[in-house]
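Residue numbers (the numbering used here): 937 to 1179.
Here a beta-carbon is modelled for each residue, glycine too, at the ideal position from N, C-alpha and C.
Below is one structure, written out as structure tokens; comments come after it.
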Ligand SMILES: Nc1ncnc2c1ncn2[C@@H]1O[C@H](COP(=O)(O)OP(=O)(O)OP(=O)(O)O)[C@@H](O)[C@H]1O
Ligand SMILES: [Mg+2]
């Protein structure tokens, strides 16, 4: 598998000086294209800090980050925002939908930033909403949708432009069990269709549903292991047989 993310000896220190917080303390990590990964840890362990760096929303205090082999530390803000637009779909715990736009309008927004013409935009947005089961809610504003539906709009927004990488920070943190499973099933489906999906969570049940679990404690990687390794081997064998 090709390397997607390679970070080496990353530190993130907020408020350097007397009140400094070492949010990430010498983190090194490699993630390949097509992986389904959970980054798990308690509140304050550094998960969102790591996700913001992986998503080029923030930069480390020190250390190196290669995304698709490219050293992103030397890039300008504009170049970083281009990478975000082209490569990464973001999903946040608080949905982050625009209140006065309907579902379709929210999903279209990142497509506008990508410079996709209006008609194609509409088509891609409608298709993404259909995929998350919301074709009957396209004209609804966020306050006319349930929490689970709002998060499905946010998922549609993240995937409409078909970015290769999905970064989700506590995507089910505000949802009940049923909506949580719906969102997880959608994320797993995206992984099956070839995307790299990275889910930040404090929930062991979520982590169990992924292929690989990276646990952070106090800004350090404590463990990094694969779930159901045998199943993965079986799948590989199946694939080999059918070729
Ligand atoms: N902008 C900031 N300025 C100063 N300290 C910060 C800032 N952002 C985060 N921190 C601190 O860095 C540490 C890691 O925060 P982070 O948000 O990455 O944790 P988290 O694992 O995402 O927690 P949660 O599960 O509560 O979302 C915490 O101690 C937090 O207080
Ligand atoms: Mg967080």
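Nearest-angstrom Cα separation, counted from residue j out to residue i
{"i": "residue 1171", "j": "residue 1087", "result": "Confidence at residue 1171 is low in this model, with a pLDDT of 48, below 50, so its placement is unreliable and the value that follows should be read with caution. Using only the alpha carbons, I get a separation of about 31 Å."}
{"i": "residue 976", "j": "residue 1000", "result": "22 Å"}
{"i": "residue 950", "j": "residue 942", "result": "22 Å"}
{"i": "residue 924", "j": "residue 1137", "result": "Since the first residue of the chain shown is 937 and the last is 1179, residue 924 is not available in this structure."}
{"i": "residue 1116", "j": "residue 1084", "result": "8 Å"}
{"i": "residue 1023", "j": "residue 1012", "result": "16 Å"}
{"i": "residue 1169", "j": "residue 991", "result": "Annotation note: pLDDT 48 at residue 1169 (below 50); position unreliable, no value reported."}
{"i": "residue 879", "j": "residue 939", "result": "This structure gives no information on residue 879, because the portion of the chain shown stretches from 937 to 1179."}
{"i": "residue 1041", "j": "residue 1047", "result": "10 Å"}
{"i": "residue 956", "j": "residue 1044", "result": "40 Å"}
{"i": "residue 1162", "j": "residue 1036", "result": "42 Å"}
{"i": "residue 1179", "j": "residue 1092", "result": "Bear in mind that the predicted position of residue 1179 carries a pLDDT of just 49, short of 50, making it unreliable; the figure below should be weighed with that in mind. Approximately 33 Å, taken between the alpha carbons."}
{"i": "residue 961", "j": "residue 947", "result": "5 Å"}
{"i": "residue 1010", "j": "residue 1113", "result": "42 Å"}
{"i": "residue 1158", "j": "residue 979", "result": "15 Å"}
heavy atom of ligand 1 below 7 Å from residue i C-beta
{"i": "residue 1005", "result": "no"}
{"i": "residue 980", "result": "yes"}
{"i": "residue 985", "result": "yes"}
{"i": "residue 962", "result": "no"}
{"i": "residue 1110", "result": "no"}
{"i": "residue 1138", "result": "yes"}
{"i": "residue 959", "result": "yes"}
{"i": "residue 977", "result": "yes"}
{"i": "residue 951", "result": "yes"}
8 Å contact criterion, which residue i and residue j should meet: CB distance rounded
{"i": "residue 1153", "j": "residue 981", "result": "6 Å"}
{"i": "residue 1101", "j": "residue 974", "result": "About 15 Å separates the two Cβ atoms, so there is no contact after all."}
{"i": "residue 959", "j": "residue 1130", "result": "With 8 Å as the limit, residue 959 and residue 1130 do not qualify as a contact, their Cβ atoms being about 32 Å apart."}
Ligand 2 heavy atom lying under 7 Å from the CB of residue i
{"i": "residue 1018", "result": "no"}
{"i": "residue 1105", "result": "yes"}
Q. Does the segment 1066 to 1085 come within contact of the segment 1016 to 1024, defined as at least 3 CB pairs closer than 8 Å?
A. no
Q: Indicate whether the contact test is met: 3 or more Cβ pairs, each with one atom in the segment 1030 to 1037 and one in the segment 1057 to 1069, closer than 8 Å.
A: no
Q. Contact between the segment 991 to 1007 and the segment 1052 to 1059: three or more CB pairs below 8 Å?
A. no
Q: Kindly provide the ranges of any beta strand (DSSP E) runs that are 3 or more residues long and lie completely inside the segment 952 to 984, ordered along the chain.
A: 957 to 968, 972 to 976
Q: Specify whether the segment 983 to 998 and the segment 1125 to 1139 touch according to this definition: at least 3 beta carbon pairs, one from each stretch, less than 8 Å apart.
A: yes
Q: Give, in chain order, every unbroken run of the alpha helix (DSSP H) that is at least 4 residues long and sits entirely within the segment 1074 to 1151.
A: 1083 to 1095, 1113 to 1128, 1140 to 1144
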